[in-house]
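Top line first, the protein sequences correspond to chains A and B. Those letters in the first sequence? Residues 4 to 115, per the working numbering, in order. Those letters in the second sequence? Residues 6 to 117, per the working numbering, in order. In this text, a Cβ means the ideal position worked out from N, Cα and C, and glycines have one as well.
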Amino acid sequence: LAKTTQPISMDSYEGQEVNITCSHNNIATNDYITWYQQFPSQGPRFIIQGYKTKVKNEVASLFIPADRKSSTLSLPRVSLSDTAVYYCLVGDQAGNNRKLIWGLGTSLAVNP
Amino acid sequence: GAVVSQHPSWVICKSGTSVKIECRSLDFQATTMFWYRQFPKQSLMLMATSNEGSKATYEQGVEKDKFLINHASLTLSTLTVTSAHPEDSSFYICSAQEETQYFGPGTRLLVL
């Protein structure tokens, strides 16, 4: 299972764009990249998933370079409510081995 | 996105008693569900993979006789913490697999 590396913490201000980069050098061919958000005492919430290039939805964008050894979650115009821990995971979502190994995540603090 | 529920959301019990936690996928069928444990300020730790109609697969170091998992239907998996002790106090989270993993809100267990 591919290991991921993310910054432990980040600080931002309301209205700014936040980019969180995740390194996954050992990503396998069948692995997808998935990002989750977690608030204290709540289960993780799915944000976005991608395989390559760029993926965009109503809350975030995910940029994946051609070598797929890293990915960047982009949160446009963050607000105080975006203060949370963000996890990057890689795993084979379509195959038999769907286990996700969780790292420490990135604790994002959005300041007024 | 898909919805996963957990019940109860929190439970307090005496040492030595057993506690059952239910995990339900509300709007989809899940052949595979996962159980995690999370201690304060730490990441999620996978405990076991639950497959409908078969025995659960436990991660190394997780006692299968202490953490009983039953996945009797495509929408319900249960985790029973048997003979609970204070060190079992934690936040237990389940997830259900669709295209990706969707997580329940978590169950806070406090063993006195």
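Rounded to the nearest angstrom, the Cβ distance from A:G106 to A:T7 is 5 Å, consistent with a contact under 8 Å. Two segments are said to touch when three or more pairs of C-beta atoms, one from each, lie closer than 8 Å; by this definition the region 8-23 of chain A touches the region 58-77 of chain A. Annotation: Cβ neighbours of B:I98 in chain A (cutoff 8 Å, chain order): G46 and P47. Looking at the DSSP output, B:N56 sits in a beta bridge with B:T37. For A:G94, the enclosing beta strand (DSSP E) stretches over residues A87 to G94. The alpha-carbon separation between A:A112 and A:R48 amounts to approximately 17 Å. Closer than 9 Å to the CB of B:P110 there is at least one CB belonging to chain A. DSSP, read as helix, strand or coil, puts A:S84 in helix. Assignment of B:E27 by DSSP, reduced to helix, strand and coil, places it in the strand class. If you draw a straight line from the Cα of B:E104 to the Cα of A:Y89, it comes to about 20 Å.
Closer than 9 Å to the CB of B:S48 there is at least one CB belonging to chain A. Apart from the 5 residues on each side of it in sequence, B:I74 sits with its Cβ closer than 6 Å to the Cβ of A53, S55, A61 and L84 in its chain, given in chain order. Taking C-beta atoms as the reference points, B:S30 and B:Y107 count as a pair closer than 9 Å.
For A:Q45 against A:G108, the beta-carbon gap comes to about 13 Å, at or over 8 Å, which does not count as contact. Assignment of B:D93 by DSSP, reduced to helix, strand and coil, places it in the helix class.
Under the three-state reduction of DSSP, A:H27 is assigned to coil, being neither helix nor strand.
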